[in-house]
Amino acid sequence: MRKILLIAAKDLRLAFRDRAAIILMLAAPFLLTLGMALVTGRLTSPAGQSSGLSNIPVLVINRDGESLGNALVDTLQSAELDELLDARVVEDEEAARRAVDEDQVAGLVIIPAGFTRSVIPAQGGAIDIAAEPVKIQFYANPARPNSSAIIETILREFISRVEEGRVMGMVSVFQMLTSGVLPPAEAQAYGDEMRQLFQSAQDEELSAFEETSTLTLKVIGAPEEESVRFDVMAYMAPGMALLFLMFTVTYGGRSFLAERRQRTLQRMLTTPTGIAQVLAGKMFGTYLSGVLQLVVLIGGSSLLFNLRWGDFWGVAALILLATFAATGWGMLITAFARTPVQVSTYGSAIMLVFGIMGGSFIDLSMLPAFVRILSRITPNAWGLDGFTILGLGGTLADLGRPLVGLSVMGSLLFVLAVLLFSRRRDLVQ
Amino acid sequence: MNPILQVNQLVKRYGDLTAVKGISFEVQEGEIFSLLGPNGAGKTTTISVLSTLFPPSEGDALIAGHSVVRGPYAVRRVIGIVPQEIALYEDLTARENLQFWGQLYGLSGRELKERCEEVLEQTGLQEKANQRVKTFSGGMKRRLNIGVGLLHRPRLLFMDEPTVGIDPQSRRAILDTVKDLNRQAGMTILYTTHYMEEAQELSHRVGIIDHGEMIAIGTQAELVKRIGQRETLVLQFGEDQSAAAIIPQLEAMSGVQQVIAENHSLQVLVNDAEEILPAVIQVCTAENLKVRTIQIQEPNLEAVFLQLTGRALRD
């Protein structure tokens, strides 16, 4: 074990002394993230206002048919969200759910009957503070986590505004009644007036009452989470980090064949050190370089872009397992290649293909279904799923699927790479 | 003396190519033994098998009693190797390189630190210890390359053509180091080279290897004795001239043992060079060949190789 650590530490030191490698491992992902953030306006507008996604298909069933239900439909179809959402009002719930299940749309919003009345009692009706409000249902498509997250965020913001208006109205009427400013006989009429004002309010800031809100959104198909804003940077930064993680692992593979070429591999094998120890040391060194790269990128983007990556343990687990899977790919490429140049060539091609296919450049939900299925062979897709879950407030407990996917991928690739290496008689000759 | 190395019918094949064809020899503890042969003779393959880099196809070798086939790890603890290529990490400093390789040889703690400093002193690199190897000259890299092989004080050191491609000054320093290691530390050295002068200067005994076969083995005196008191007459012609035409005439002369053409020169193995020289010049003049230089070489390993193989060492 001591020699494995020794070889790994040496490789780590060499990797971080190589200026070209540092540029590609650390500077490039930072700069690309920054560039994409500038293009999508993340740095010039508040987080969550720009997503880089467009025309997200969403279906809406409006059973409420009253002011708030209609307002929500209007919001989803508004000119402001025109580019981002493609919201269609439908009637058939079964067909709509099927469309979600078949991955034709990113989600289904069901505005139940009585939604408006549960928030704003009809003229002359009594206000029941303790009454359970009717919930808007959002049937999310788990295959499109980012698109679903955006729709969910819009719904939560709408609910926040509704709740804000409702509570503010109630508080105002109550305060005026207790202070004697408003005679009890005029309270109902004043409340109706407040309701009218509230319905027309559009540009309120998010309510400070959000935490105590009794209005809630029921999300089906994705774990219920507390209200979060979807930050486009939270998607781009992991995308770039995972893209360049593939560079780092192929760099590690290249160093393995470079050692053979510069005869240090052969020299190691004339010391009391076995080929298995050398191979394990090289793999571990590559793995450590990848882990360190992600730690620096995540830490750096947190500081520079004020980006919240989410639950610490979840992020740590994702770093460890995404790097494990990516290192498996790096070793497999190395096992097939004959020269360091071949590793670079194959590695760069695979890095780009995985980047596109795995969602590092384009949201996976915008790609054809067969690409989304194929994307599961990339660490990028699993990793991005995980980081998106964390970005939306998930914890380590919610990462089961991505973590299992990455573990299985890494294990299979390592076994395959070791088998291929064991047949490589040319390594030391 | 006890043999520290016993090579027995060693064969190494790469597919259809047999690089080493059943060689056998012994190296005694405390001696410098040179494997002399041209490029491609099988010297590096032999060293690679003996240093357990890969197993022989047939045969075996015992190093300090350990078989390279059955006990490669035990062998690796006894041997040190200085490969022909500079096998160092260019982005690590000299000291970091020594520390890394020392730890692979099992050194640690104070012992590792002391040995690194000793080797730095021995190779004259103390002042450059904290500089990255990529900033070193070729000679400095060669010295460090040797230093790595000495770290763990091996009983048997393999040096595979350690002076290839370096300046005369560094070459001289390396040859002196080899002699010092043998004389002062009592280290046994198996040295491969295609430079006859190096083998002559360093070795207690020499094995001449060609096309994977050991064609002669012994002390210099023993080997030279095999070709009698013959001298070699070396004639150098102009670059635009071919001496091939006069070879039959020279071979027909009395006292000429062998004639070998090499580029624009002829090597003529003769019984008495001074006696035959006028006749040789006469033949050249008759064929309008301008002789640029004439050299008479005393019997040496080059002449031995020439007689045994019909080729010069540089071929």
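Top to bottom, those sequences are chains F and S. If you read the first sequence in the numbering used here, its first letter stands for residue 1, the second for the next number, and so on. If you read the second sequence in the numbering used here, its first letter stands for residue 1001, the second for the next number, and so on. Here a beta-carbon is modelled for each residue, glycine too, at the ideal position from N, C-alpha and C.
- By the criterion of a C-beta distance shorter than 6 Å, V1304(S) is surrounded in its chain by L1223, I1227, once the five residues flanking it on both sides are discounted.
- In the DSSP assignment, no residue is bridged to F387(F).
- The beta carbon of S1137(S) sits no closer than 7 Å to any beta carbon of chain F.
- S1051(S) reaches chain F at T270, counting residues in chain order whose Cβ is nearer than 7 Å.
- Around the C-beta of W382(F), 16 or more other C-beta atoms lie within 10 Å, and the residue is accordingly described as buried.
- Under the rule that a run must span 3 or more residues, the beta strand (DSSP E) segments found entirely inside the stretch 65-94 of chain F read 85-89.
- From the beta-carbon of T248(F), no residue of chain S is found nearer than 7 Å; the closest lies around 17 Å away.
- Residue state for M1214(S) is assigned as strand, using DSSP reduced to three classes.
- E1287(S) is positioned such that its CB atom lies closer than 7 Å to that of I1246(S).
- Contact between T273(F) and M351(F) fails: their C-beta atoms lie close to 31 Å from each other, not under 8 Å.
- The Cβ of F1100(S) sits closer than 7 Å to at least one Cβ of chain F.
- If the five residues before and after L6(F) are omitted, its C-beta is found closer than 8 Å to the C-beta atoms of G281, all from its own chain and listed in chain order.
- Proximity of L1104(S) to chain F, defined by a Cβ-Cβ separation below 7 Å, is satisfied.
- R267(F) has a beta carbon lying within less than 7 Å of a beta carbon in chain S.
- In the same chain as G1042(S), and ignoring 5 residues on each side of it, the C-beta atoms closer than 7 Å to its own belong to A1019, V1020, I1209, G1212, in chain order.
- Interface flag for P1083(S) against chain F is set, since a Cβ pair is found closer than 7 Å.
- Of all residues in the stretch 1053-1074 of chain S, the ones placed with a Cβ closer than 7 Å to any Cβ belonging to chain F are L1053, F1054, Y1073, in chain order.
- Counting only Cβ-Cβ distances below 7 Å, Q262(F) has contacts in chain S at A1087, in chain order.
- Cβ-Cβ distances below 7 Å link N1039(S) to H1194 in the same chain, with the five nearest sequence neighbours on each side left out; the list follows chain order.
- For D1091(S), the nearest beta carbon of chain F is closer than 7 Å to its own beta carbon.
- Secondary structure of G1255(S) (DSSP, three-state): coil.
- Nearest neighbour of R1013(S) by Cα position, chosen from I1023(S), Q1006(S), L1005(S), turns out to be I1023(S).
- The beta-bridge partner set that DSSP reports for A143(F) is empty.
- Proximity to E83(F) across V58(F), R156(F), N62(F), V371(F) peaks at V58(F), based on C-alpha coordinates.
- Between the C-alpha atoms of V1078(S) and G1071(S) there is a straight-line separation of about 11 Å.
- Around R1077(S), the beta-carbon contacts reaching into chain F at under 7 Å are P272.
- Sorting D11(F), L32(F), N306(F), V73(F) by C-alpha distance to the C-alpha of F244(F) places L32(F) at the top.
- Within chain S, not a single residue places a beta-carbon under 7 Å from that of L5(F); the smallest gap is close to 10 Å.
- Taking C-beta atoms as the reference points, L76(F) and I111(F) fail to come closer than 7 Å.
- The beta carbon of V1259(S) lies closer than 8 Å to those of I1247, L1250, E1251, L1266, Q1267, V1268, L1269 in the same chain, with the five residues before and after it left out.
- Contact with chain S is absent for K282(F), since none of that chain's Cβ atoms lies less than 7 Å from the residue's Cβ.
- Considered as a whole, the stretch 1255-1309 of chain S harbours 1273-1286, 1301-1309 as its complete alpha helix (DSSP H) runs of no fewer than 4 residues, in chain order.
- Against chain S, the beta carbon of R17(F) has neighbours under 9 Å at D1091, L1092, R1132, listed in chain order.
- Secondary structure of P1162(S) (DSSP, three-state): coil.
- The shortest C-alpha to C-alpha distance from F305(F) to any of A237(F), G328(F), A322(F), K10(F) is the one to A237(F).
- Taking C-beta atoms under 8 Å as the contact rule, L1144(S) and A1094(S) qualify, at a distance of about 5 Å.
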